[in-house]
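Line by line, the protein sequences are chains A and B.
Sequential numbering from 1 applies to the first sequence in our numbering.
Sequential numbering from 1001 applies to the second sequence in our numbering.
Here the structure is laid out as C-alpha cells; the discussion comes afterwards.
Number of protein chains: 2
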Amino acid sequence: METTKTARTRNRRGEGGRLRDEIVAAAVALLDESDDERAVTLRSVARRAGIAAPSIYAHFPDQPAIMLAVVRSGFAELEQTLRAAADSTADPVPRLLAVCRAYLDFARERPQRYRTIFGGLWKPAADASVTDDDLRGLGDGALGLLAAALADCVAVGASTCDDPGSDAVALWLGLHGLAHQRAVTRAFPGPPGIDDRMIAALARLATVIHVAPRNAGSSSD
Amino acid sequence: METTKTARTRNRRGEGGRLRDEIVAAAVALLDESDDERAVTLRSVARRAGIAAPSIYAHFPDQPAIMLAVVRSGFAELEQTLRAAADSTADPVPRLLAVCRAYLDFARERPQRYRTIFGGLWKPAADASVTDDDLRGLGDGALGLLAAALADCVAVGASTCDDPGSDAVALWLGLHGLAHQRAVTRAFPGPPGIDDRMIAALARLATVIHVAPRNAGSSSD
DNA sequence: GTGTTAGTTAACGACTGTTAGCTTAAGCCG
DNA sequence: CGGCTTAAGCTAACAGTCGTTAACTAACAC
Chain A
1 METTKTARTR
11 NRRGEGGRLR
21 DEIVAAAVAL
31 LDESDDERAV
41 TLRSVARRAG
51 IAAPSIYAHF
61 PDQPAIMLAV
71 VRSGFAELEQ
81 TLRAAADSTA
91 DPVPRLLAVC
101 RAYLDFARER
111 PQRYRTIFGG
121 LWKPAADASV
131 TDDDLRGLGD
141 GALGLLAAAL
151 ADCVAVGAST
161 CDDPGSDAVA
171 LWLGLHGLAH
181 QRAVTRAFPG
191 PPGIDDRMIA
201 ALARLATVIH
211 VAPRNAGSSS
221 D
Chain B
1001 METTKTARTR
1011 NRRGEGGRLR
1021 DEIVAAAVAL
1031 LDESDDERAV
1041 TLRSVARRAG
1051 IAAPSIYAHF
1061 PDQPAIMLAV
1071 VRSGFAELEQ
1081 TLRAAADSTA
1091 DPVPRLLAVC
1101 RAYLDFARER
1111 PQRYRTIFGG
1121 LWKPAADASV
1131 TDDDLRGLGD
1141 GALGLLAAAL
1151 ADCVAVGAST
1161 CDDPGSDAVA
1171 LWLGLHGLAH
1181 QRAVTRAFPG
1191 PPGIDDRMIA
1201 ALARLATVIH
1211 VAPRNAGSSS
1221 D
C-alpha cells in the first residue's frame, strides 16, 4: 500500500523546513484513510512521506508532537471552513444554519480526523513534548464563530436565548455529539431532519426552518 | 505499579470460566486508571489479572474481543444506572431529569471508560473476531430508557415535542456531546447550568426547571 | 493411577520510538 | 573549475513492546 518508492527529491539548501509540512500532510493522509488513529505511527508517517524514520526528528521532537501538529492543522481547517460558511450570507438565521451545517459536513467528510481532533486520545504522557497547555483553547476560534452567529440571531429577535454565551456552548456541544456519533459509527444518519431539529432547539430559534432543508423533515406545510 | 504478585489461587475444576470475569475486570480497572485506551493490551491485562498472557486465549479469541467485553459490560452498567435513576421517581419531568443527570454522572465518573465505550476506536480490523455486527445496537437499551422518559413528559404535557422519537435521539446526542467533551478534556465544566439548559432545550420542556439545581443557573426567579 | 481442566514457560515474528553516526549534495569562495 | 562547509537525510542498531502459537506442568475428580 505504501510501497510507492517515488524517490523523493530532497529539499534545497535553505528549504529543509518544507519537509515539516510534508510530514504533517502524510500523517493527515494516513489518518484519513485508515480509520484508526493507531495507524499513524512515526514510522508509518515516515514511510508515507517517503523518508527515513529518523528524519522526522529534525522537525518534531516526539511522535506526539506530530499528532499535535495534525490536530492544530485540523482545527485551522475547521475554522477556515466555518468562516467561509459564515461569509456566505449576511442574513443571521441562514448564516447560523450555514455555519452549523458546515461544521457537521466537516466532521462527516473527515470522520477519523474529527475523532482524532476532538477525541483527545494521543496521550500527553508526561514525558512527551506535548504539554497540557498546548491543548488548551484549541477550538476557541470555531466556538467564537458559532457564538457570533448565534448572537446575531438574538439581536434580530430570531432566537429567544437569554444567555447567548451559554447557549453557544450548548449548541456546539449538540453539534459535537451528533458529529462525533456519526464519525464513530459511520453511517448513523439519525432520524431524518435531526440536524436542523437539534440546531433549532439549541439555538432556540423562533421561526421554523426551511432554508434548503437537506434532510427534509416530515412537515407537510 | 502492577508488580503485586498476589499468587492468584487458581480456580476449581468446573469454574475455569470465572477467570473470564476477572479478565474483564482487570481490563476495566486498567482502563479507568490509565486515561489511555492503548494501555489496555493483552499482556497488561494479563499482568493485572495476575495470570500469564496466553491464559487469556482460553476465554477470548482475540485482544479486540476483550475490548468488546469491556464495552458490553460498560453499556450494561450504564443501562442499569439509568434504570435505577428512572425508578427513583414517578413524576415524569423529574424522572427525565434524573435519567439525564445519571447519564452525565456516569460519564463524569468514568471518563476513560465512557470514551472507550462510545469512542469506537479499538479497531474491528477485518481479521479480528469482533465483527461490525457485534457493535450494532449496543446503546439501544439506554436510548430506550431516555425515549420512554421523554414520552412520559410529552404525555403529561410537560414537553412540546411533536416527534418524540427524533427528539429522544436529539436529547441523547446532546447529552453525549456534553459527556464526551467532559470525558476528553477532563475538567471542562462548561458554563454553569449548562446541563439543565441543554436538557430543557432538547427535551422541549415547557416549565422552568428547579428540581435540585445542581449547577445552579443565574435565573433569579 | 488417569484423564482432564487450568494454567504455565518459552519462543516467534513483527512492530514501536529513539539514538548514533554516516552519506550525499547544495551552495559559497577562491 | 575544484574544494570545503554544512544542511538534509540516510543506514544500522538499540531496547522494548505487542499479539500469538506450541508445548509443557500442576492440581483436581474419578
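Glycine included, every Cβ here is placed at the ideal spot set by N, Cα and C.
What you are looking at is a predicted structure, and each value in this text was computed from that prediction instead of being measured.
N- and C-terminal bounds of the alpha helix (DSSP H) containing residue i
| i | result |
| --- | --- |
| arginine 20(A) | 18 to 34 |
| serine 1044(B) | 1042 to 1049 |
| arginine 101(A) | 92 to 109 |
| glutamine 1080(B) | 1063 to 1086 |
| histidine 1059(B) | Per DSSP, histidine 1059(B) belongs to no alpha helix (DSSP H) and is neither H nor E. |
| serine 1166(B) | 1164 to 1185 |
CB contact flag (residue i, residue j, <8 Å)
| i | j | result |
| --- | --- | --- |
| leucine 1143(B) | alanine 1168(B) | yes |
| alanine 1085(B) | valine 1099(B) | yes |
| glycine 1141(B) | glycine 177(A) | no |
| arginine 48(A) | leucine 30(A) | yes |
| leucine 173(A) | methionine 1067(B) | no |
| alanine 128(A) | proline 64(A) | yes |
| threonine 81(A) | alanine 102(A) | yes |
| arginine 83(A) | leucine 146(A) | no |
| alanine 25(A) | valine 93(A) | no |
| leucine 135(A) | alanine 203(A) | no |
| valine 1070(B) | alanine 1126(B) | no |
| isoleucine 1051(B) | arginine 1013(B) | no |
| asparagine 1011(B) | arginine 1018(B) | yes |
Per DSSP, the bridge partner or partners of residue i
| i | result |
| --- | --- |
| leucine 205(A) | Ser159(A) |
Buried or exposed (CB count within 10 angstroms, at least 16 for buried), residue i
| i | result |
| --- | --- |
| threonine 160(A) | exposed |
| phenylalanine 188(A) | exposed |
| serine 219(A) | Unreliable positioning characterises serine 219(A) in this predicted model, as indicated by a pLDDT of 42, which lies under 50. A coordinate reading is not provided. |
| valine 1045(B) | buried |
| threonine 131(A) | exposed |
| proline 1054(B) | exposed |
| aspartate 87(A) | exposed |
| threonine 1116(B) | buried |
| glycine 74(A) | buried |
| proline 1061(B) | exposed |
| alanine 200(A) | buried |
| arginine 113(A) | buried |
| glutamate 37(A) | buried |
| glycine 1119(B) | buried |
| glutamate 1079(B) | buried |
| aspartate 1195(B) | buried |
| valine 40(A) | buried |
| proline 1164(B) | buried |
| threonine 1003(B) | Here threonine 1003(B) scores only 42 on pLDDT, less than 50, and its place in the model is too uncertain to base an answer on. |
Residue i CB to nearest heavy atom of the ligand GTP below 7 Å
| i | result |
| --- | --- |
| phenylalanine 1075(B) | No copy of the ligand GTP appears in this structure; indeed no ligand is present at all. |
Item to check | Inter-stretch contact at 8 Å, needing at least 3 Cβ pairs: the segment 1109 to 1121 of chain B / the segment 1198 to 1208 of chain B | outcome: Contact fails: fewer than three Cβ-Cβ distances are below 8 Å.
Checklist entry - Does the segment 1143 to 1157 of chain B touch the segment 181 to 197 of chain A, meaning 3 or more C-beta pairs lie closer than 8 Å? => result Contact between the segment 181 to 197 of chain A and the segment 1143 to 1157 of chain B is absent: fewer than 3 CB-CB pairs across the two stretches fall below 8 Å.
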